[in-house]
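The structure appears below as structure tokens.
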Amino acid sequence: MLSLPILALAIASFGIGTTEFVIMGLLPNVAHDLNVTVPMAGYLVSGYALGVVVGAPLVAMATSRMPRKTALLSLMAIFIIGNIGCALAPNYNFLLAARVVTAFAHGAFFGIGAVVARDLVAREQRAQAVALMFTGLKLANVLGVPLGTALGQAAGWRMAFWAVVLIGAGAMAAIWAFIPSGIPGSRNRLAQEFRTMGRWPVLLPMLVSTIAAISLFSVFTYITPYLEQVTGLSPRSVTAALLTIGLGLTAGNLIGGRLADRSLIKTVIGSFTGLVFILALMWLVGANEPAMIAVLAVWGALAFALVSPLQTWVVESATGAPNLASTLNQGAFNLGNALGAGLGGAALTAGMSYARLPLVGAGIAALGLALVVASRTRPAQLAEAQASPCLACPSCD
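First residue of the sequence shown: 8, per the working numbering; consecutive thereafter.
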């Protein structure tokens, strides 16, 4: 199924994922160089995420009628310019602004790219196609983040962003070469598409995406200082631990896509259930290095087993506005990213120790689990689903 067009999308998602997440492995370095605290540097994660949230609807409107290939190339150009700004940033505020500019390309790219990927394959393989595109995002955590962290620690954090610029240029070339030119933009009116987005079966999976991201990023944003202070890892060992998380993310993404094609909602429920237990276990074994490495791999797998099922759930529910729905779901996920980073930072600022931070993520995951389980029997949703039998909502699973 890994055709050249999907490979091109995966390369681009690798670059986008690297620039989003590599900052987490370099927070202490950036904080020291720009003379800010680590929690304040954490807002570079929140700022990027909020840029996705704000940029997703704006860029979706600006690109809605563009041919899909033109839109994707334009978004990669924004991505490259933003990362050049990050690499050249003279101070914290400039770096934050450059991160926001870069983020404007993020939501729309994954939104449009996911729709293109699913339209290139048979219906029964759509979740797997989306998962393959998002494999680039997961490989960013396997290769991009650890290597970018190592590069940043050895040659300065700015070099990590210059490396991302090169990845972006390669992705842009692959999109130009391999994505078909004949895929049109949306022909629906934006007002009609936004009305579709206001329905509960569409809002529900986006809300779940937000909660899943809050759970993940309340811990993941601060994983480097956590591993250094709680587990006692050296900076070099932290790089290896990030590689372990990345391997888990990649495996979980592929498994989640395959399972979602069989039973979407059961995959979501199972992933949330596992997250509650694994985050509680992280709190218990945080100071035990061997146990912690195993926990990190499972945590990564469970967290990203949710990504393609939730993206597919949103797109299949919004039958009248798949491009807009797919894009806005990226905004929802990154809203959770921003809220999670902010929640974790607020907890640390208030005096919570790094050792207890996984309990915050576990509590949020439990909330997501409760919402999805409750939605399976929600009368209003069932009635609306019966009126639209193609919806991939809990009642149809």
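Note that the Cβ used here is the ideal one computed from N, Cα and C, for glycine as well. Everything numeric in this text was worked out from a predicted model, so none of it was measured.
Quick one: measure Cβ to Cβ for residue i and residue j, integer angstroms, because I've assumed they're closer than 8 Å.
| i | j | result |
| --- | --- | --- |
| A298 | G255 | Incorrect: roughly 15 Å between the Cβ atoms, too far for contact. |
| I23 | F86 | 7 Å |
| V209 | V321 | 7 Å |
| G49 | L34 | 6 Å |
| A121 | V172 | Contact doesn't hold; Cβ gap of about 24 Å is too wide. |
| W19 | A178 | Before going on, a small fix: residue 19 reads as Ala here, not Trp. Correct: roughly 4 Å between the Cβ atoms. |
| N336 | A220 | Not confirmed; about 11 Å, so no contact. |
| N260 | A312 | 7 Å |
| M140 | I13 | 6 Å |
Identify the continuous alpha helix (DSSP H) that holds residue i and give its terminal residues.
| i | result |
| --- | --- |
| R75 | 75-95 |
| Q318 | 314-324 |
| Q160 | 152-162 |
| Y233 | 230-233 |
| L11 | 11-32 |
| P212 | 207-227 |
| A121 | 99-126 |
For residue i, count the other beta carbons within 10 Å of its own beta carbon; 16 or more makes it buried, fewer makes it exposed. Which is it?
| i | result |
| --- | --- |
| P401 | In this predicted model, P401 has a pLDDT of only 42, less than 50, meaning its place in the structure is not dependable; the value taken from the coordinates is given anyway. The residue is buried, with at least 16 neighbouring Cβ atoms inside 10 Å. |
| A162 | exposed |
| R106 | buried |
| S360 | exposed |
| P46 | buried |
| P187 | exposed |
| G368 | buried |
| S225 | buried |
| A390 | Confidence at A390 is low in this model, with a pLDDT of 37, below 50, so the placement of that residue should be treated as unreliable; the coordinate-derived value is given next. It is exposed - the Cβ of A390 has fewer than 16 other Cβ atoms within 10 Å. |
| V379 | buried |
| A357 | exposed |
| A353 | exposed |
| Q393 | Any answer about Q393 is weak, because its pLDDT of 35 lies below 50 and its placement is not dependable; what the coordinates show is given next. Exposed, since its Cβ has fewer than 16 Cβ neighbours within 10 Å. |
In three-state terms, what does DSSP make of residue i?
| i | result |
| --- | --- |
| M359 | coil |
| I285 | helix |
| G368 | helix |
| N336 | helix |
| A170 | helix |
| G307 | helix |
| S382 | helix |
| I182 | helix |
| P187 | coil |
| L240 | coil |
| P401 | Its pLDDT being 42, under 50, P401 is placed unreliably in this model, and the value from its coordinates should be taken loosely. Correct three-state label for P401: helix. |
Review point. Where in the region 35-72 do unbroken runs of the beta strand (DSSP E), each at least 3 residues long, occur, reported from the N-terminal end onward?
Key: none
Exercise for the section: With a floor of 4 residues, list each alpha helix (DSSP H) that falls wholly inside the region 244-301, ordered by position along the chain. Expected result: 271-292
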